[in-house]
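Participant:
In the numbering used here, the protein residues as written are 622 to 704.
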């Protein structure tokens, strides 16, 4: 199995997909709300979407650091708990 930056190809693809989703949530929250919620976007909903995107970006970054730096024996435990 090929490893890139300490990650497998599947893990790299997953991180790219998460990043794309978070960028959509962060940069176009009005469109995201329109597509995924019943009510039209309000300023509070847009703010909460951006705030949630920042929180999820921090969690994603934490997961990336763990996957890149942790020994391979820790990865299954990490995925069982947080994946």
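For each residue, glycine too, the CB sits at the ideal point set by N, CA and C. A quick note: this is a predicted structure, and the numbers were derived from the prediction, not measured.
Please report the distance separating the alpha-carbon of residue 637 from that of residue 675.
Facilitator: 16 angstroms
Participant: Going by the CB atoms, is the gap between residue 670 and residue 578 shorter than 8 angstroms?
Facilitator: The structure shown has nothing for residue 578, since the chain only spans 622 to 704.
Participant: Determine whether the Cβ of residue 658 lies closer than 8 angstroms to any Cβ atom of chain D.
Facilitator: This model lacks chain D altogether; it includes just one protein chain.
Participant: Between residue 643 and residue 681, how many whole angstroms is the CB-CB distance? I'm expecting something under 8 angstroms.
Facilitator: Contact between residue 643 and residue 681 holds: their C-beta atoms lie close to 7 angstroms from each other, under 8 angstroms.
Participant: Does the distance from the CB of residue 667 to the CB of residue 650 come in under 8 angstroms?
Facilitator: yes
Participant: Express the C-alpha separation of residue 678 and residue 694 in angstroms, rounding to a whole number.
Facilitator: Straight-line Cα distance between these residues: approximately 25 angstroms.
Participant: Is the Cβ-Cβ distance between residue 699 and residue 691 less than 8 angstroms?
Facilitator: yes
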